[in-house]
Every structure is written in C-alpha cells, then in structure tokens.
Ligand code: XMP
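Spelled out as structure tokens, the structure:
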C-alpha cells in the first residue's frame, strides 16, 4: 500500500544515504515546495542543513516576513536571510525578454547559494523544492517537439565549476502530493494551502522592464486582489490568483483630472497540477469591486482587466 507516511520515511532514508555526513544548503523561495523540502531534509539530517532565504525584492507584500517567521518561530532550523534586492533589481535593469529575466534570476540564485555555502565552511549539497511538472515543462512540451516553454528558475542543473550536488526530494511529486507531504510533516494548514508562487517572483508578472517602483505598484494591487478573494471565501477554491502590471498606459479620468497610468491585469485559475488550467469564473460584481478598489487605492494604475485565457493556449504566468 502506498501512503504519504511511507513515502516520507522512504525519502528520509534516501536523503540520509545520499548526504552521508555532508552539509546541505537549502534555498527557501517563500513558496510551499521549498518549505516542505527543507522540513523533510531537516527531519532526515538535522543540523547538517542550513536554509538560505534569498529576498530578491520580487516577493509579494509581507511574504518575506511570513517565511522567515515560520522558520524562525516554529522550527529550529538555522536560517540565513539574504537581502539581495539591489543585486536582483540591478541585474534586471533594462532586461525585458522573459527568458533573459528567468536566466539571470536562476544564475543570481546560484551565485548567492555558492557564497553562502562558502560562508558556512563549504556545503556538499544544494537542496531545492523542484517538482515533477517543473522538470517536464522546462525541457519539453507534451505531445509536440522538444521546445522550452519556460526555463524554470531551479531546473537545468548546476554550473560545472560548482562542487555541490543537487538534493531534490520532491522531484517525483505533483503539487497536491507536496501539500499532503507538508501536512504529514506537520506544517500549518494555512501555509501548506498557499497558492503557488514562482521563484522568479514578480519579475515575471511585470512584462517589460522591472523596477522597484513597478514592483511596489504591483504589490499593492496584488494585496488588494488577494484580500478581496479571502474576504469572499474563495481562496481555497482557486489554484492561483495574482495581479500583473502591464507596460501599457491608457487615458482615464479621476474626479475632473485626466490620468495616464498603467493597466493592471488580474488572473485566477483552477488547476490540479499547474500543467493545464481553467479560468476561475468570478461573479462580475466581485471583479468590479476589486477593480474599483485597485484604481482608488493604487497610484499608478487607472485601468483593470481580467484575463480569460485557459492553459493551454495561455500559460498561468504571463512570462
Ligand atoms: P506556467 O506559467 O508555466 O506555470 O503555466 C505553471 C506553474 O508553475 C509556476 N512557475 C514557476 N515556479 N519557478 C517556480 O518555482 C519558475 O521559474 C516558475 N515558472 C512558473 C507558476 O506559478 C504556476 O504555478
């Protein structure tokens, strides 16, 4: 009989065998996957694990605090909090191509992990919360020729110059299974039930150039959208909901003044594994309320649109 409890024990054993008495660095992204990987590895090898949370400045509102709080408050896992906003935003300056953004971000993560590995006197392994769908979607497109749709930030292996090997205990799992494993490991329900958040963060939700100013605008709009979704009791019925900030300005009118500001797109989908997705059918009144709040409360946005594209042909993220 296959059970998640048995899977957990089997993975713990496999991690111990792979790691021996080596040291492991685990990158925490703020999402569920890397948190589950970290807690699992901690159960397996305890103090041989150091977690590194890279705050790239591309997190949603309050995200960094939540992740650091969970790990420092509930677990006794050593956690290094790296403030890398300048490094990431600096490197993204002038970059508009989606794959260039993804490649830069993936590389910057690796550079930081390498530096932190040195800081703890060398690490033999780098752990990541890579899932099965991340692996599939980064290498080929189901049914068609081998084409990269998106380079997931944590897929593609490590540069050859690095001496670290990868530990990826979730590589065979789908999202719903990761959540079950998280519960099995005792992670709080509210944390395990969080919507997926991509490693490259808000950078791939800001088509065009990413700047701190645009990240701040998007964070505000996104927080209002999710606040309304929670208040309406819809959070758990949705696989993923988020705002995007478009590099398009349109004319509007506020009071008796002309505005010329950015367009905000809203996305919400249902899905089982992220490989395919359907548009979440909000009531029109709900979307109108969200749009009104965003336009009234967020300076820099004067128009809100809803994305009616399923996957395929769209992807969930816009880049
Ligand atoms: P797409 O946009 O490819 O996304 O339909 C499918 C799921 O994967 C998430 N995603 C990522 N997760 N690193 C991640 O950790 C990435 O580079 C990445 N790109 C997309 C996306 O949020 C959705 O849940």
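In UniProt numbering, the protein residues as written are 207 to 525.
A virtual CB, placed ideally from N, CA and C, is assigned to each residue, including glycine.
None of the values given here were measured: they were computed from a predicted structure.
When DSSP labels each residue in this structure, what does residue 471 get in the three-state scheme? strand
Since residue 220 and residue 390 are thought to touch, with beta carbons under 8 Å apart, how far apart are those beta carbons, to the nearest angstrom? Not confirmed; about 16 Å, so no contact.
Quickly, what does DSSP pair residue 287 with across the bridge? List them, please. 259
For residue 411 versus residue 523, is the C-beta spacing smaller than 8 Å? Between residue 411 and residue 523, the gap from beta carbon to beta carbon is short of 8 Å.
Leaving out five residues before and five after residue 348 in sequence, what residues of the same chain have Cβ atoms less than 6 Å from its Cβ? Residue placement at residue 348 cannot be trusted, given a pLDDT of 43 that sits under 50; the coordinates are not used to answer.
When you measure from the CB of residue 308 to every non-hydrogen atom of the ligand XMP, does any distance come out below 7 Å? yes
State the DSSP-derived secondary structure class of residue 231, mapped to helix, strand or coil. strand
What's the C-alpha gap between residue 234 and residue 459? CA-CA distance, residue 234 to residue 459, rounds to 43 Å.
C-alpha distance - residue 165 paired with residue 431, whole-angstrom precision: As shown, the chain starts at 207 and ends at 525. That puts residue 165 outside it, with no answer to give.
Residue burial classification, residue 514 (beta-carbon count within 10 angstroms, cutoff 16): exposed
When every heavy atom of the ligand XMP is checked, does at least one fall within less than 7 Å of the C-beta of residue 334? no
Hey, could you find the ends of the alpha helix (DSSP H) residue 384 is sitting in? 381-390
Between the alpha carbons of residue 368 and residue 332, how many angstroms are there, rounded? 10 Å
For residue 266, the nearest candidate out of 519, 525, 490 and 426 (CA to CA): Residue 426 holds the alpha-carbon nearest to the alpha-carbon of residue 266 among 519, 525, 490 and 426.
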